[in-house]
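Asks: This is the structure, below, for whatever I ask next.
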Amino acid sequence: MIDLTNISIQYGGQVLFNGLNLSIRKKDRIGLVGKNGAGKTTLMKVMMREIIADEGQVVMSNHTSLGYLKQEVSFKDALTVFEETNTAFDQILEIEKQIAELTEQISNHSDYTSADYAQTLENLEEATDRLQRLGGSNKDEAISRVLTGLGFLASDFNRPLSEFSGGWRMRVELAKILLRQPDFILLDEPTNHLDIESIIWLEGFLRNYHGGVVLISHDKEFLDKVGNRTVELVAGKIYDYRNSYSEFVELRKSRVERQIIEAKRQSKEVEETTKLINKFRAKKNKAKFAQTLIRKLDKMETVEIDDMERAKIRFRFPPAPRSGKEVVSAESLYKAYGDLKVLNDISFSLMKGEKVAFVGKNGEGKTTLSKIIGGRTDFQGKCSLGHNVEVGYFEQNQAENLDGNVTVFDFIDNAATGELRQRVRSLLGAFLFSGEDVDKKIMVLSGGEKSRLAVARLLLQPVNLLILDEPTNHLDMAAKEVLKQALLDFEGSMIVVSHDRDFLKGLTDKVYEFKNKKIHEHIGDLQSFLEKREIANLNELERGRRTETKKASQSAEQQKRNKNQEWELDKAIKRVKNKVSKSEKLISQLEKEIAEMEAAIGKADFYQTEKAPDLFLRHYEERKSSLNSEMENWETLSIEIEDLEAQKNDLSR
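Pasting the structure below:
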């Protein structure tokens, strides 16, 4: 287990965390979510002890092992892909050396009854067990399996790492972490450099992983498929939900709605109390009452409403200029980089209003065809744009081409026309630029910030063909929603290269799969395409068969044991639900009593009609304390029910 206790961190006088507490268990699959800048990466670095908190501590066993995938990693270019991945087994090599030394010690022993001999045998047994757990006997096979799952071909294994892009190198680093099998895996934006097939493979790996997993990701589908717990960071606070991401989103809406109601109630209470203070503070016989009310206001904790406003912001592209019926026409396209063929005899057309997605493994030519259509690279064959086609192009390295001397505000304001100029600050806010940030020069922004700025500017361009190459890599979920809604409203034609399944879902009406230097057309959106692929590959069917075989092979005795356990769990769930019911009744009664007491305290003649006002106020505080305690009890019981029901569900699978 990893325990973070009372973690507090400040940067430049601003509070990032304030008394944060979090416990992570071995079977947890935690999605760590929150706006960019909320402190998600910082919290991971605190767990890794790369950052020391101003206050609080991180507690874990000395034997706990962690694997951490950062967003940026350095590599040794001299090694091949396989050699670099093999460094994951440095621990195995050390254990193998230890086993050899212990084996030699045993062979040199003459007294087989001595305590030293027994201890050496025990040490050898422990080392052998550790080696088996780490898969030392078949590490080459394990390396091959993980590298293939992450998209590498067998022919890539012996290529120098220097021949691969940063994204592929990140896959090697991820492979090393997975192969080390640490107790806890911490992954910061792992899907940014993966294609859809590799993401699906990683989901399966993490779901079945023996240890704990903590993920930072803006990929909703990935979080849903892997996570069983969602931890949200908001304004230095932490909200912990034992739910998948989609379930958390609904619960968060309810939380914010309650905050809004409570904030309105509190505002009204403060207003009424302030009126009473102003009314009675100058009167001699009411001064004591006024002071009581002042103390009450001083002790009152302000109800804060968590910010979700950016998700509601909506922008539309300017009207698309009219174009001809055929927007793009390509025939017999061929493209190679030196001896490496990427596209071979490709024919492609895009009609007015069509929205298509390019998907497939990295390196199959998605970006290359996008560049050909956008006029960004040379090729062999034919490719032309239709009548009056105006192209808006977003490429992955867009950030490198921005004018560094222009401010953030001016960069967007200069591209805005008409009524959009009045909404420049709102647009910048939706993409995480607010306050003094809008006056910064582009040259001081990070790569991710520049990419977000380039995406924001897209929303201002009057074009009729959009070509977007991985536009969501540096966007948080709220900013992605703003962009997706704008693209759904866009009247022109569109080509999107993306691995973000949730972003693509429902966005396009056609999918082109890139495979073996060819493209294959699929009618429908990405969800439809993935469903067809799963059926075609028999993945779901095979999983279903294995499940049925497993159930059929269970002995009658095992089934009987499961039934008995289910029966015991049902009884336990019923007992806890009864406790929850009693707790809810008590909470309701306490809330009613507190409301009645507050009404009495609020009366102008409270100190005249109440015989013992100080005792009354003490009873009032006691009931509020009881209410807080009972609310905590109710929450504990609710979590207990969730755990029991999860155990029951596991038995029935």
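According to the numbering used here, the sequence shown holds residues 12 to 664 in order. We put the beta carbon where it would ideally sit given N, CA and C, even for glycine.
#1: Could you give the residue range of the beta strand (DSSP E) that holds residue 100?
#2: Taking just the CA atoms, how far does residue 452 sit from residue 476?
#3: Roughly how many angstroms separate the alpha carbons of residue 294 and residue 288, rounded to a whole number?
#4: With a threshold of 8 Å on Cβ separation, who are the neighbours of residue 169 within its own chain once the five nearest residues in sequence on each side are excluded?
#5: Assign residue 375 to one of two classes, buried (16 or more other C-beta atoms within 10 Å of its C-beta) or exposed (fewer than that).
#6: Excluding the 5 residues flanking residue 64 on each side, which residues of the same chain have their C-beta closer than 8 Å to its C-beta?
#7: Taking C-beta to C-beta, are residue 478 and residue 523 nearer than 7 Å?
#8: Which of the three DSSP states, helix, strand or coil, is assigned to residue 347?
#9: With a threshold of 6 Å on Cβ separation, who are the neighbours of residue 195 within its own chain once the five nearest residues in sequence on each side are excluded?
#10: Pick out the complete beta strand (DSSP E) segments inside the region 44–110, 3 residues or longer, and give them in chain order.
#11: Output yes or no for whether 7 Å exceeds the beta carbon distance between residue 368 and residue 507.
#12: For residue 114 and residue 142, which I take to be in contact (beta-carbon distance under 8 Å), what is that distance rounded to the nearest angstrom?
#13: Pick helix, strand or coil for residue 462, following the three-state DSSP scheme.
#14: From the DSSP output, in three-state form, read off residue 220 for me.
#15: Can you give the Cα-Cα distance for residue 604 and residue 591, rounded to whole angstroms?
#16: Are the region 227–239 and the region 190–204 in contact at 8 Å, needing three or more beta carbon pairs?
#17: Could you check where the beta strand (DSSP E) with residue 667 kicks off and where it finishes?
#18: Could you tell me the alpha carbon to alpha carbon distance between residue 595 and residue 611, rounded to whole angstroms?
#19: Specify, as a first and last residue, the run of the alpha helix (DSSP H) that residue 259 falls within.
#20: Can you find at least 3 beta carbon pairs, one from the region 458–471 and one from the region 330–346, that sit closer than 8 Å?
#21: In angstroms, rounded to a whole number, what distance separates the CA positions of residue 416 and residue 445?
#22: If you count every other CB in all the chains shown that lies within 10 Å of the CB of residue 399, and 16 or more means buried, which is it?
#23: Under 8 Å, with one C-beta from each stretch per pair, do the region 181–190 and the region 99–109 reach the 3-pair mark?
#24: Please say whether residue 181 and residue 366 have beta carbons closer to each other than 7 Å?
#25: Could you tell me if residue 483 is buried or exposed, where buried requires 16 or more neighbouring beta carbons within 10 angstroms of its beta carbon?
#26: Under three-state DSSP, which class holds residue 558?
#27: Return the first residue and the last residue of the beta strand (DSSP E) that residue 251 is part of.
#28: Return the CA-CA distance between residue 69 and residue 308, expressed in angstroms with no decimal places.
#29: So, residue 517 versus residue 536, is the Cβ gap smaller than 7 Å?
Replies: According to the structure shown:
#1: Start at 1 with the first residue of the sequence shown, and residue 100 comes out as number 89. If you look at residue 100, you'll find it isn't in any beta strand (DSSP E); DSSP assigns it neither H nor E.
#2: For the purposes of this step, residue 476 is taken as residue 465 along the sequence shown, with counting starting at 1. For the purposes of this step, residue 452 is taken as residue 441 along the sequence shown, with counting starting at 1. If you draw a straight line from the Cα of residue 476 to the Cα of residue 452, it comes to about 30 Å.
#3: Stepping through the sequence shown from its first residue, residue 294 is reached at position 283. Stepping through the sequence shown from its first residue, residue 288 is reached at position 277. For residue 294 and residue 288, the distance between alpha carbons rounds to 10 Å.
#4: In the sequence shown, counting from the first residue as 1, residue 169 sits at position 158. The answer, listed in chain order, is 91, 92 and 93.
#5: By 1-based counting over the sequence shown, the position of residue 375 is 364. By the Cβ-count criterion, residue 375 is buried, with 16 or more other Cβ atoms from all chains shown falling within 10 Å of its own Cβ.
#6: For the purposes of this step, residue 64 is taken as residue 53 along the sequence shown, with counting starting at 1. The beta carbon of residue 64 is closer than 8 Å to those of 18, 19, 20, 28 and 57 in its chain, skipping five residues each way along the sequence.
#7: Within the sequence shown, numbered from 1, the residue matching residue 478 stands at position 467. Within the sequence shown, numbered from 1, the residue matching residue 523 stands at position 512. Note that the C-beta distance between residue 478 and residue 523 is not below 7 Å.
#8: Walking along the sequence shown from the start, residue 347 turns up at place 336. Residue 347: strand per DSSP, three-state reduction.
#9: To locate residue 195, count along the sequence shown from 1; it is residue 184. Hits under 6 Å: 77, 222 and 223.
#10: For the region 44–110, the full-length beta strand (DSSP E) segments reaching 3 residues or more read 66–70 and 77–80 along the chain.
#11: Translated into positions along the sequence shown, residue 368 becomes position 357. Translated into positions along the sequence shown, residue 507 becomes position 496. In this structure, residue 507 lies closer than 7 Å to residue 368 by Cβ.
#12: Translated into positions along the sequence shown, residue 114 becomes position 103. Translated into positions along the sequence shown, residue 142 becomes position 131. Not really, about 12 Å apart at Cβ, beyond 8 Å.
#13: Residue 462 sits at position 451 when you count from the first residue of the sequence shown. Of the three classes helix, strand and coil, the one that applies to residue 462 here is helix, per DSSP.
#14: As a position in the sequence shown, residue 220 is number 209, starting the count at 1. If DSSP states are grouped into helix, strand and coil, residue 220 belongs with coil.
#15: The count along the sequence shown starts at 1 and reaches residue 604 at position 593. The count along the sequence shown starts at 1 and reaches residue 591 at position 580. Each residue's Cα considered, the two are about 20 Å apart.
#16: The region 227–239 vs the region 190–204: in contact.
#17: The structure shown does not extend to residue 667, since the chain spans only 12 to 664, so no value can be given for it.
#18: By 1-based counting over the sequence shown, the position of residue 595 is 584. By 1-based counting over the sequence shown, the position of residue 611 is 600. C-alpha separation (whole angstroms): 24 Å.
#19: As a working mapping, residue 259 is identified with position 248 in the sequence shown. For residue 259, the enclosing alpha helix (DSSP H) begins and ends at 256–291.
#20: At 8 Å Cβ cutoff, the stretches do not touch.
#21: As a working mapping, residue 416 is identified with position 405 in the sequence shown. As a working mapping, residue 445 is identified with position 434 in the sequence shown. Residue 416 and residue 445: Cα-Cα distance of roughly 19 Å.
#22: Locating residue 399 in the sequence shown gives position 388, counting from the first residue. So residue 399 ends up on the exposed side.
#23: Touching, per the Cβ criterion.
#24: As a working mapping, residue 366 is identified with position 355 in the sequence shown. As a working mapping, residue 181 is identified with position 170 in the sequence shown. It is not a contact, given that the beta carbons lie outside the stated cut-off.
#25: Numbered from 1 along the sequence shown, position 472 holds the residue referred to as residue 483. Classification of residue 483: buried, given that the 10 Å Cβ count is 16 or more.
#26: Within the sequence shown, the letter at position 547 stands for residue 558. Low confidence applies to residue 558: its pLDDT is 46, below 50, so where it sits in the model is not reliable enough to give any reading.
#27: The residue given as residue 251 occupies position 240 in the sequence shown. Looking at the DSSP string, the run of the beta strand (DSSP E) that includes residue 251 is 248–252.
#28: Walking along the sequence shown from the start, residue 69 turns up at place 58. Walking along the sequence shown from the start, residue 308 turns up at place 297. Taking the straight line from one Cα to the other gives about 36 Å.
#29: The residue given as residue 517 occupies position 506 in the sequence shown. The residue given as residue 536 occupies position 525 in the sequence shown. Going by C-beta atoms, residue 517 is nearer than 7 Å to residue 536.
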